[in-house]
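A.B. asks: Chains as they are written, first to last, in the numbering used here: chain P, 1 to 156; chain B, 1 to 156.
This is the structure I want to talk about, given as structure tokens.
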């Protein structure tokens, strides 16, 4: 049913992210897929990513899921609009609002929806669910790396 | 010179966070200290926390550092204001603006400054530096857990 995960279409040189890089054996290897008008990532965090209270996810991981999946949503949306290959986006700004504690031990679903595409800038609205419970919402502003930067490693 | 790290004063039951819990052997065990009018955390992330491009930190970790240190800054500031023991704060809202890529392999310094204390709500402004380079800024709204919640584990 699914096409390739968006992260599996990233340029080889940009696939090392701890959150979503297929070339990072220590990382989470998050995978995002376009479904209908949204982009979806499903992930079950390991129990050691607990927050202060055992049984709940730590805030930094909630932010990581929203950030990495936001980048994938932006990349997919831009490719769909332009008809070009999937590029690589980096985060300019990230906001997370925590609605409820996010439980551990269940699969989480992060849903991304594009708010705006403006040249190389893509804004994405995100929601993180545990079952039917909305645990967090987020908003990211992503910037596409310039094509030449995808051929050569940046110096800064 | 230093007093105890703020995280070492958290209640035993609230010390399991992957980012800053002294009781999480798999975690980062971040430590924050009050210095003058600011709260400071210094940390050198391990190389596997790379972003898409090797040599730079992934965005989720930048957010984690700002989030956990923001919670510690809020807890310390509230305790200083009230004269009570250090409580435990959880994140209501987190914003991170990424100014420059954050390099790996160097000690990072995260500086937290309280913007407002309003009852159980504390707002903190944060900056993340690599040497003299400002890599990211952040803002967090933290909420203090109620005292009774610090005695009994929450059910939700």
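Every residue, glycine too, gets a C-beta built ideally from N, C-alpha and C.
Only counting the same chain, and skipping five residues up and downstream in sequence, which positions put a Cβ closer than 7 angstroms to that of residue 99 of chain B?
C.D. replies: 134, 135, 136 and 137, listed in sequence order.
A.B. asks: Among the residues of its own chain, which have a CB less than 8 angstroms from the CB of residue 115 of chain B, if the five just before and after it don't count?
C.D. replies: Cβ neighbours of residue 115 of chain B beyond the five flanking positions: 123, 124, 125 and 139.
A.B. asks: Closer than 8 angstroms, Cβ to any Cβ of chain P: which residues of the stretch 99-128 of chain B, in chain order?
C.D. replies: Within the stretch 99-128 of chain B, the residues whose Cβ lies closer than 8 angstroms to some Cβ of chain P are 100 and 101, listed in chain order.
A.B. asks: Does any residue of chain P bring its CB to less than 8 angstroms from the CB of residue 153 of chain B?
C.D. replies: The pLDDT assigned to residue 153 of chain B is 49, lower than 50, so where the model puts this residue is not dependable, and the model offers no usable value.
A.B. asks: For residue 23 of chain B, which of B/12, B/81 and B/70 has the nearest alpha-carbon?
C.D. replies: Of B/12, B/81 and B/70, the residue nearest in Cα terms is B/12.
A.B. asks: Whole angstroms is fine: what's the gap from residue 155 of chain B's alpha carbon to residue 96 of chain B's?
C.D. replies: Because residue 155 of chain B sits at a pLDDT of 44, beneath the cut-off of 50, its placement in the model cannot be relied upon, and the point is left open.
A.B. asks: Pull up the CB-CB distance for residue 112 of chain B and residue 70 of chain B, whole angstroms please, since I reckon it's below 8 angstroms.
C.D. replies: Confirmed, about 6 angstroms.
A.B. asks: Express the C-alpha separation of residue 47 of chain B and residue 14 of chain P in angstroms, rounding to a whole number.
C.D. replies: C-alpha separation (whole angstroms): 15 angstroms.
A.B. asks: Counting only the same chain and skipping the five closest in sequence on each side, list residues whose C-beta sits under 7 angstroms from that of residue 109 of chain P.
C.D. replies: Excluding positions up to five away in sequence, the list reads 40, 42 and 129.
A.B. asks: Let me confirm a value: residue 76 of chain B is counted as buried when at least 16 other C-beta atoms fall within 10 Å, else exposed. Which label applies?
C.D. replies: Counting Cβ neighbours within 10 Å, residue 76 of chain B comes out buried, since at least 16 surround it.
A.B. asks: Can you tell me whether residue 31 of chain P is buried or exposed? The criterion is at least 16 other CB atoms within 10 Å of its CB, across all chains shown.
C.D. replies: Looking at its Cβ environment, which holds 16 or more other Cβ atoms inside 10 Å, residue 31 of chain P is buried.
A.B. asks: Under a Cβ-count criterion, where at least 16 other Cβ atoms within 10 Å of its own Cβ denotes burial, should residue 25 of chain P be classed as buried or exposed?
C.D. replies: Residue 25 of chain P should be labelled exposed.
A.B. asks: If contacts are defined as beta-carbon pairs under 8 angstroms, then residue 3 of chain P and residue 44 of chain P qualify, I think. What distance do you get, rounded to the angstrom?
C.D. replies: So it is not a contact: roughly 22 angstroms between Cβ atoms.
A.B. asks: Does the contact criterion of 3 or more C-beta pairs under 8 angstroms hold for the stretch 50-58 of chain P versus the stretch 79-92 of chain P?
C.D. replies: With the cut-off at 8 angstroms, the stretch 50-58 of chain P and the stretch 79-92 of chain P do not touch.
A.B. asks: Along the stretch 46-59 of chain P, where does the CB come closer than 7 angstroms to a CB of chain B? Name the residues.
C.D. replies: So the list reads 48, 49, 50, 51, 52, 53, 54, 58 and 59, given in the order they occur along the chain.
A.B. asks: If distances are taken between C-alpha atoms only, which option among B/132, B/63, B/143 and B/49 comes closest to residue 105 of chain B?
C.D. replies: Checking every option, the nearest Cα to that of residue 105 of chain B belongs to B/49.
A.B. asks: Nearest CA to the CA of residue 27 of chain B: which residue from B/143, B/103, B/141 and B/65?
C.D. replies: Selected option, being the one with the closest Cα: B/65.
A.B. asks: Could you spell out the range, first to last residue, of the alpha helix (DSSP H) harbouring residue 62 of chain P?
C.D. replies: Segment 59-82, the alpha helix (DSSP H) holding residue 62 of chain P.
A.B. asks: Taking C-beta pairs closer than 8 angstroms, name the residues in chain B that residue 33 of chain P reaches, listed in chain order.
C.D. replies: Per Cβ cutoff of 8 angstroms: no residues; residue 33 of chain P is ~19 angstroms from chain B at best.
A.B. asks: On the DSSP letters alone, give me the boundaries of the beta strand (DSSP E) that residue 144 of chain B sits inside.
C.D. replies: Segment 133-144, the beta strand (DSSP E) holding residue 144 of chain B.
A.B. asks: So, are the CB atoms of residue 60 of chain P and residue 59 of chain B less than 8 angstroms apart?
C.D. replies: Contact: no.
A.B. asks: For the ligand FMN, is there any heavy atom lying closer than 7 angstroms to the beta carbon of residue 129 of chain P?
C.D. replies: The ligand FMN is not among the ligands present in this structure, which contains no ligands whatsoever.
A.B. asks: In the DSSP output, which residue or residues are listed as bridge partners for residue 118 of chain B?
C.D. replies: The partner list for residue 118 of chain B (beta bridge, DSSP) reads B/121.
A.B. asks: Of all the CB atoms in chain B, is at least one closer than 8 angstroms to the CB of residue 156 of chain P?
C.D. replies: With a pLDDT of 42 at residue 156 of chain P, under the threshold of 50, the predicted position of this residue should be treated as unreliable, though the coordinate-derived value follows. Taking Cβ atoms only, chain B reaches closer than 8 angstroms to residue 156 of chain P, which makes this a yes.
A.B. asks: Residue ranges of each alpha helix (DSSP H) run of no fewer than 4 residues wholly in the stretch 22-50 of chain P, ordered along the chain?
C.D. replies: Whole alpha helix (DSSP H) segments, 4+ residues: zero.
A.B. asks: Could you check how far apart the C-beta atoms of residue 87 of chain P and residue 145 of chain P are, in whole angstroms? I think they sit under 8 angstroms.
C.D. replies: That belief holds up - the Cβ atoms of residue 87 of chain P and residue 145 of chain P are roughly 7 angstroms apart, short of 8 angstroms.
A.B. asks: Cα-Cα, which of P/72, P/29, P/73 and P/62 is closest to residue 101 of chain P?
C.D. replies: Minimum Cα distance to residue 101 of chain P is reached at P/62.
A.B. asks: To the nearest angstrom, report how far apart residue 147 of chain B and residue 10 of chain B are at their CA atoms.
C.D. replies: Using only the alpha carbons, I get a separation of about 12 angstroms.
A.B. asks: Going along the chain, which residues of the stretch 66-99 of chain B sit with their C-beta nearer than 7 angstroms to a C-beta in chain P?
C.D. replies: Cβ contacts with chain P: 67, 68, 88, 91, 92, 93, 94, 95, 96, 97 and 98.
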